[in-house]
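Using the working numbering, the first residue of the sequence shown is number 344, and each one after it goes up by one.
Inspection log for the structure reproduced underneath, given as structure tokens.
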Amino acid sequence: MRKALALFVFLLMWGCQSYDKEFQEILQLEDRRAPVAEFQKFTLHPRWEVKQRVALALGRLREAEAAPTLVELLSSSSPEVRVEAAFALGQLAQPFTHKAIIRLLSEEKDLEVRLTLIEALGKVTVDSLPQETDSTLMRQFEDDIPIVRAEAALVLARLAQRNIKPPLGSEKLVALLQDKGEEVRWRAAYALMRRADSSTAPALRSALNDRSPRVRMQAARALGAMHDFAALNPLTHLAHNDNDWRVRVNAAAALGKLDFSRGALALQYFPVADVNQHVRITALQALGNAVEQLRKSNVNFESEPVRAFLQERLTPAAQNGSGNISWQEKAAAAHALAQFLQSEVLPLLLPLASADSPHLRAALANTLGSLGGEDVFPVLEKLAGDSLTVVRIAALEALSKISAQNRALPIYLDALHSGDPVLFALGAQALAADSVRRAQHAEAILAAHRTLHSPFDAETAKMFFDALADCGSLAAQSFLETALQTPDKSIARAAAEALRKLTGKDYTERLPKSFTSTQTFTYEEIKSLKGAWAEIKTDRGAFQIALFPEEAPLTVLSFVRLAQKKFFDGQTIHRVVPNFVMQSGDPRGDGWGGPDYAIRSEFNRLRYVRGMVGMASAGPDTEGSQWFITHSDQPHLDGRYTIFGRVRKGLEVVEELQIGNRILQVTIHQ
């Protein structure tokens, strides 16, 4: 009896044992992006908790050599280990692993592991669809469990993004539109949108009447992707009458993609007077898209009411029924009018160059760039000298699109010597496009770089390195070889890629085998974050975010530390895309800012549904301080952008935020 009791106590103590030491070491290795071999000892650990954690880390490395180890972990007796190994294998996206995934999928009994294996099967199918993968995938559509059918639909969506479209896919997905499960139906509609198979349009028109807004919004997107003019009336009805603003946004956007060469373009189709600002902005943008498509198709059309309406939107006294129209509506109207009038629009747009809103001035630059003619140069020249970087950046980007490169040379050189890393990179990029004087420009770029004191992030470093590579300078080669040894992995890899373009040689072997940790931390700090949440006060109200340190520990740690330093206080909402995301966290306010360091990507199995909080990035391991919140389901972001939280209160405030609104205070509660 005593022996039995002692054994029970021992097992209980073992079960409660802490693995902080192992977890901290794995996290530190993960943060350094250490070689796969340094993780191997943890795959042999006797406890499933450690194996589960190392499987997650191996997936985040994205190194092909980790695949055999992950396949072995898929044979673990622990479903917790198998599910993480399956997710990691999908993240590696190595086609040679598909046979192992298919074999294990046929044997797997645990539902969560099965779902993750199905997801992985879609991710490892990169260039073509093997027959055994096709047949395995099609069998999932006959499964009795709804979520299995839903996951199979999502795989077809991801395959379609890579232009892989199994022949039976459309038939299977159309059948799922009648499924009892909302999760199944919206994913089927989403997959049909990605496939854009016009034969499925009748079924999608019916789906516009689905009781779920998640289904209706995806069906509307799908019909827009197919340019289905037969959907004009039902989409118009939805855009004006649906009780969910997100559905109205998608319906309005879809209207702008229809083929109006088959019928008259009329203002009445577009909900330009909607009570919701997101809808009004989208409606004006859609109207402009419709006009642009007609022009590109060389269709002669005359719609004086549309033109007059757009022109009236630009007047100082313009109203939308709720007061003065926003700068976003003016920007959209200006762009649409430019599609009507082309170069003749210039006198009407000139007053916008002096608008109070810097965002409207930036939007004007984008519109002028789309016109392409040299006659817009004087306005862009003025905007390139604006006091705010958000306008200067837009002007530089627009200048590269018009036929006035010789006249723009002084502007590019001024950007090069501005002392601002973003303007410098854009200037370097523009100068490198000048094929006649590239050697001369390479010297100027390197000389200007030596006087630049502000640090680069991965995105601007890549632009700079690519510009040097395009110039083809031997001096650039020496500089880039030195940059290979930078402690920032993303910047070092950008240097290697630029060297490959410059010399035709592979420099990956000269990259450091591991990199400097991005943050100093103890595992006690990580553990203290459990249950933490953030209260975010804005000039439109407050909302709360539940943080997920278990799924993204270093991301949450960085966010918390920045918030405690009041880094976010006073920042603007610098990006909003209706029924997609709102984004903040940029101290510059122009979309290019960060905290002067990068953190690692911490991709996890969480999905981007409505209200998820993720990290913006310019590629793996380039995250800084910019974060976003989703307005609705966004499956294409899953496994590609770190999820580190979810809005737990005040989502209605989030959905009211527009570009230019301000974060007043971020408070962390632990």
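Backbone N, C-alpha and C define an ideal beta-carbon position, used for all residues, glycine too.
The beta strand (DSSP E) enclosing residue i, as first and last residue numbers
{"i": "G957", "result": "955-958"}
{"i": "I490", "result": "Premise fails: I490 lies in the alpha helix (DSSP H), 489-504, not in any beta strand (DSSP E)."}
{"i": "F987", "result": "986-992"}
{"i": "T1010", "result": "1006-1012"}
{"i": "K880", "result": "876-881"}
Test item: CB-CB of residue i and residue j under 8 Å
{"i": "W670", "j": "S713", "result": "no"}
{"i": "V649", "j": "L608", "result": "yes"}
{"i": "L827", "j": "L845", "result": "no"}
{"i": "I972", "j": "V990", "result": "yes"}
{"i": "S686", "j": "G716", "result": "yes"}
{"i": "A428", "j": "L417", "result": "yes"}
{"i": "I745", "j": "L769", "result": "no"}
{"i": "K909", "j": "L1007", "result": "no"}
{"i": "N1004", "j": "I888", "result": "no"}
{"i": "Y940", "j": "T861", "result": "yes"}
{"i": "S968", "j": "G937", "result": "yes"}
{"i": "I444", "j": "V467", "result": "yes"}
{"i": "V634", "j": "R623", "result": "no"}
{"i": "Q504", "j": "H974", "result": "no"}
{"i": "T829", "j": "A839", "result": "no"}
{"i": "P411", "j": "K856", "result": "no"}
{"i": "V899", "j": "F886", "result": "no"}
{"i": "L766", "j": "A776", "result": "no"}
{"i": "E462", "j": "V426", "result": "no"}
With 16 other Cβ atoms within 10 Å as the buried cut-off, status of residue i
{"i": "L350", "result": "With a pLDDT of only 41 at L350, under the threshold of 50, the placement of this residue in the model should not be trusted, and no figure is reported."}
{"i": "Q1013", "result": "exposed"}
{"i": "P545", "result": "exposed"}
{"i": "N749", "result": "exposed"}
{"i": "Q620", "result": "buried"}
{"i": "N641", "result": "exposed"}
{"i": "V352", "result": "At V352, the pLDDT of 38 sits below 50, so the modelled position is not reliable; the number obtained from the coordinates is stated separately. Exposed is the call here."}
{"i": "Q474", "result": "exposed"}
{"i": "R943", "result": "buried"}
{"i": "T732", "result": "buried"}
{"i": "P509", "result": "buried"}
{"i": "I488", "result": "exposed"}
{"i": "N922", "result": "buried"}
{"i": "M344", "result": "Any reading at M344 must be qualified, since the residue scores a pLDDT of 45, below 50, and its modelled position is unreliable; the value itself is stated next. So M344 counts as exposed."}
{"i": "V498", "result": "buried"}
{"i": "G874", "result": "exposed"}
{"i": "E451", "result": "buried"}
{"i": "T863", "result": "exposed"}
{"i": "L354", "result": "The pLDDT assigned to L354 is 39, lower than 50, so where the model puts this residue is not dependable; a value taken from the coordinates is nonetheless given after this. That one is exposed."}
{"i": "R554", "result": "exposed"}
{"i": "S927", "result": "buried"}
{"i": "R375", "result": "buried"}
{"i": "R501", "result": "buried"}
Identified DSSP bridge partners for residue i
{"i": "E451", "result": "None; E451 has no bridge partner."}
{"i": "N593", "result": "Answer by DSSP bridge pairing: none, since N593 is not bridged."}
{"i": "F971", "result": "Q926, G957"}
{"i": "F886", "result": "I879"}
{"i": "T966", "result": "Residue identity differs from the one stated: residue 966 is Glu in this sequence, not Thr. I942, per the DSSP bridge assignment."}
Residue interval of the alpha helix (DSSP H) (run including residue i)
{"i": "A400", "result": "391-404"}
{"i": "K364", "result": "363-375"}
{"i": "M569", "result": "Segment: none, M569 is in no alpha helix (DSSP H) and carries neither H nor E."}
{"i": "A776", "result": "Taken as a continuous stretch (DSSP letters only), A776 belongs to no alpha helix (DSSP H), as it is neither H nor E."}
{"i": "P690", "result": "689-692"}
{"i": "F603", "result": "Per DSSP, F603 belongs to no alpha helix (DSSP H) and is neither H nor E."}
{"i": "E475", "result": "474-483"}
{"i": "S713", "result": "701-714"}
{"i": "S549", "result": "544-550"}
{"i": "R554", "result": "From DSSP, R554 is part of no alpha helix (DSSP H); its letter is neither H nor E."}
{"i": "E624", "result": "In the sequence on display, residue 624 carries Ile and not Glu. Run containing I624: 620-639, per the alpha helix (DSSP H) assignment."}
{"i": "H583", "result": "575-584"}
{"i": "I1002", "result": "Run containing I1002: none; DSSP gives neither H nor E here."}
{"i": "P509", "result": "Note, P509: premise wrong, no alpha helix (DSSP H); not H, not E."}
{"i": "K725", "result": "720-727"}
{"i": "E408", "result": "Counting along the chain, E408 falls outside any alpha helix (DSSP H), and DSSP gives it neither H nor E."}
Quick one: which unbroken beta strand (DSSP E) runs of 3-plus residues sit fully inside the region 895-961? Chain order, please. Runs of the beta strand (DSSP E) inside the region 895-961: 918-920, 924-927, 955-958.
Entirely within the region 814-880 and at least 3 residues each: give me those beta strand (DSSP E) ranges in chain order. Runs of the beta strand (DSSP E) inside the region 814-880: none found.
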